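The structure under discussion appears below in the form of structure tokens.
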Amino acid sequence: MTNSLLPVKDAHRQAFNAINTPDRLLLGPGPSNAHPTVLEALSRTPIGHLDPLYVELMGEVQELLRYAWQTDNRLTLPMSGTGSAAMEATLANTVEPGDTVLVAVKGYFGLRLADMAGRYRATVKTIEKPWGEWFSLEELEAALIEHKPAILALVHAETSTGVCQPMDGVGDLCRKHDCLLLLDTVTSLGGVPLYIDEWKVDLAYSCSQKGLSCPPGLGPFTMGPRAEAKMATRSGKVPNWYLDVSLLNQYWGSDRVYHHTAPVNMNFGMREALRLLAEEGLDQAWARHRRNAERLWSGLERQGLSMHVPEELRLPTLTTVRIPDGVDGKAFSQHLLNTHGIEVGGGLGSLAGKIWRIGLMGYNSTPENVDRLLNLFETELP
Ligand code: PLP
Numbered sequence: 606m607t608n609s610l611l612p613v614k615d616a617h618r619q620a621f622n623a624i625n626t627p628d629r630l631l632l633g634p635g636p637s638n639a640h641p642t643v644l645e646a647l648s649r650t651p652i653g654h655l656d657p658l659y660v661e662l663m664g665e666v667q668e669l670l671r672y673a674w675q676t677d678n679r680l681t682l683p684m685s686g687t688g689s690a691a692m693e694a695t696l697a698n699t700v701e702p703g704d705t706v707l708v709a710v711k712g713y714f715g716l717r718l719a720d721m722a723g724r725y726r727a728t729v730k731t732i733e734k735p736w737g738e739w740f741s742l743e744e745l746e747a748a749l750i751e752h753k754p755a756i757l758a759l760v761h762a763e764t765s766t767g768v769c770q771p772m773d774g775v776g777d778l779c780r781k782h783d784c785l786l787l788l789d790t791v792t793s794l795g796g797v798p799l800y801i802d803e804w805k806v807d808l809a810y811s812c813s814q815k816g817l818s819c820p821p822g823l824g825p826f827t828m829g830p831r832a833e834a835k836m837a838t839r840s841g842k843v844p845n846w847y848l849d850v851s852l853l854n855q856y857w858g859s860d861r862v863y864h865h866t867a868p869v870n871m872n873f874g875m876r877e878a879l880r881l882l883a884e885e886g887l888d889q890a891w892a893r894h895r896r897n898a899e900r901l902w903s904g905l906e907r908q909g910l911s912m913h914v915p916e917e918l919r920l921p922t923l924t925t926v927r928i929p930d931g932v933d934g935k936a937f938s939q940h941l942l943n944t945h946g947i948e949v950g951g952g953l954g955s956l957a958g959k960i961w962r963i964g965l966m967g968y969n970s971t972p973e974n975v976d977r978l979l980n981l982f983e984t985e986l987p
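Residue numbers for the sequence shown follow my numbering, beginning at 606 and rising by one.
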């Protein structure tokens, strides 16, 4: 038996030009622009994913991720995939069929968590708030008492609404009611104060493309000892091979056993992004995000625009601005993109057509970017 050569079909053989993408300024919900030295790191020649130099780099990425998240968690690593892969990893590793997962839904990404938990055959319970609101400790505790979940899942920075969920006391509540606390930090890591260990968060995930100033492609993941203990007592295998942390840890931990071919260049970029964050210092990065967001808020308010979220719960990384009556918000975003190369997001779900979403994340959180956008709102908003 042989493999015979057959005529190659040219039906899909199109002659495209070499890639030529525009230089956009990404001031939407993400991705944000990557830092120039991150782009340089990404374009380095790949090395083997078991090369001792790469193995050393993996350890550096893990250590800097622990810094960025303020955690000592042993199981801290970037999942190969976007934020949703890391989101799925938190659930896939800990949920067993029939476990109750309580999701506090106050926007689009809470709904995604609920959907994913159901796919791992959890009994999903939700509590809901209108998009633009947040949960109080009393509301969370009432739901913990009523549903007795194994896991409470919360979104810290809800990108669909611009709300930053207050976290003081939530971890203690979860310990009191014997459940794990799972936190989405996709739009907070690197830009908003976040303390995984102090807040007693058991599971968290994030992305590379927002506060870390790296392109999309990696999903930072962290798991604390209480979540590890739940994983260790599973009655069956983790039902997702690719995201199984105990397998992944044989590669990321001391054994260095092949699991999948690591996206080495993405991890070059991640290392550089985290190195830059550590060089700046977390508190300086958080303060910069806050300063530039306040500059945006006051500038927009001076122009008569109003924000969707009260100031004390507004995210510095993602601002939701109400579209004034009579203005076609989508047409203005398209104008900004087509004429000025600036991306600003629109609303999702119940906020579609009602808000713009303006991101000031990582490398893009600068006064120059704020002023450029404010000037366009002032001079070109119909
Ligand atoms: N969670 C939140 C709060 C997000 O904003 C996003 C994406 O923007 C995700 C999860 C999913 O991340 P990704 O799109 O990188 O898969």
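Glycine is no exception: its CB is placed at the ideal position from the N, C-alpha and C atoms.
Computed from a prediction, not measured in an experiment: that's the story for all the values here.
Over what stretch of residues does the beta strand (DSSP E) that includes residue i continue unbroken?
i           : result
residue 806 : It is not in any beta strand (DSSP E) - residue 806 carries neither H nor E in the DSSP assignment.
residue 733 : 728 to 733
residue 789 : 785 to 789
residue 824 : 823 to 828
residue 683 : 680 to 685
residue 758 : 756 to 760
residue 626 : No beta strand (DSSP E) contains residue 626, which DSSP labels as neither H nor E.
residue 705 : 705 to 710
residue 926 : 923 to 927
Cutting at 7 Å between CB atoms, please list the residues of its own chain near residue i, excluding the five before and the five after it.
i           : result
residue 721 : 692, 693 and 696
residue 941 : 947, 949 and 981
residue 822 : 687, 813, 868 and 871
Straight-line CA distance for residue i to residue j?
i           : j           : result
residue 739 : residue 771 : 8 Å
residue 929 : residue 732 : 31 Å
residue 564 : residue 866 : The shown model of the chain, from 606 to 987, leaves out residue 564, and the question about it has no answer.
residue 845 : residue 854 : 15 Å
residue 954 : residue 650 : 42 Å
residue 709 : residue 963 : 24 Å
residue 985 : residue 970 : 22 Å
residue 849 : residue 961 : 37 Å
residue 966 : residue 608 : 52 Å
residue 934 : residue 857 : 46 Å
residue 674 : residue 890 : 13 Å
Nearest to residue i by CA position, among the options, is which residue?
i           : options               : result
residue 632 : 945, 912, 890 and 611 : 945
residue 918 : 886, 767, 750 and 965 : 767
residue 980 : 848, 893, 657 and 907 : 907
residue 972 : 626, 858, 872 and 903 : 903
residue 679 : 859, 706, 654 and 729 : 859
residue 724 : 952, 701, 838 and 938 : 701
residue 635 : 784, 688 and 647      : 688
residue 956 : 618, 671, 706 and 712 : 712
residue 765 : 797, 800, 717 and 753 : 717
residue 647 : 872, 978 and 796      : 872
residue 774 : 792, 745 and 797      : 745
residue 852 : 698, 638, 909 and 627 : 698
residue 641 : 787, 673, 877 and 606 : 877
residue 676 : 639, 663 and 830      : 830
residue 787 : 828, 748 and 958      : 828
residue 808 : 779, 625 and 619      : 779
residue 602 : 622, 832, 820 and 624 : Residue 602 lies beyond the range of the chain shown here (606 to 987); nothing can be said about it.
To the nearest whole angstrom, what separates the beta carbons of residue i and residue j, a pair I think is in contact under 8 Å?
i           : j           : result
residue 762 : residue 920 : 5 Å
residue 817 : residue 882 : 7 Å
residue 875 : residue 683 : 6 Å
residue 924 : residue 898 : 6 Å
residue 730 : residue 785 : The pair is not a contact, with the Cβ atoms about 15 Å apart (cut-off 8 Å).
Tell me which residue opens and which closes the alpha helix (DSSP H) that residue i is part of.
i           : result
residue 961 : That residue, residue 961, is in no alpha helix (DSSP H); its beta strand (DSSP E) goes 960 to 964.
residue 750 : 742 to 752
residue 839 : Unbroken run through residue 839: none, as it is neither H nor E.
residue 981 : 972 to 985
residue 775 : 775 to 781
residue 643 : 641 to 647
residue 691 : 688 to 699
residue 881 : 869 to 885
residue 943 : 934 to 945
residue 863 : Premise fails: residue 863 is in no alpha helix (DSSP H) and is neither H nor E.
residue 667 : 657 to 674
residue 957 : Where residue 957 is concerned, there is no enclosing alpha helix (DSSP H), given that its DSSP letter is neither H nor E.
residue 718 : 713 to 724
Suppose the cutoff is 8 Å on Cβ atoms and the five residues either side in sequence are ignored; what does the same chain contact list for residue i look like?
i           : result
residue 655 : 861 and 863
residue 793 : 761, 762, 769, 799, 811, 816, 920 and 922
Once you ignore the five residues that flank residue i on each side, which residues in its own chain have a CB closer than 6 Å to its CB?
i           : result
residue 726 : 702
residue 782 : 749
residue 671 : 681
Fill in: Quiz: which residues have CB nearer than 7 Å to the ligand GTP non-hydrogen atoms
This structure does not include the ligand GTP; its bound ligands are the ligand PLP.
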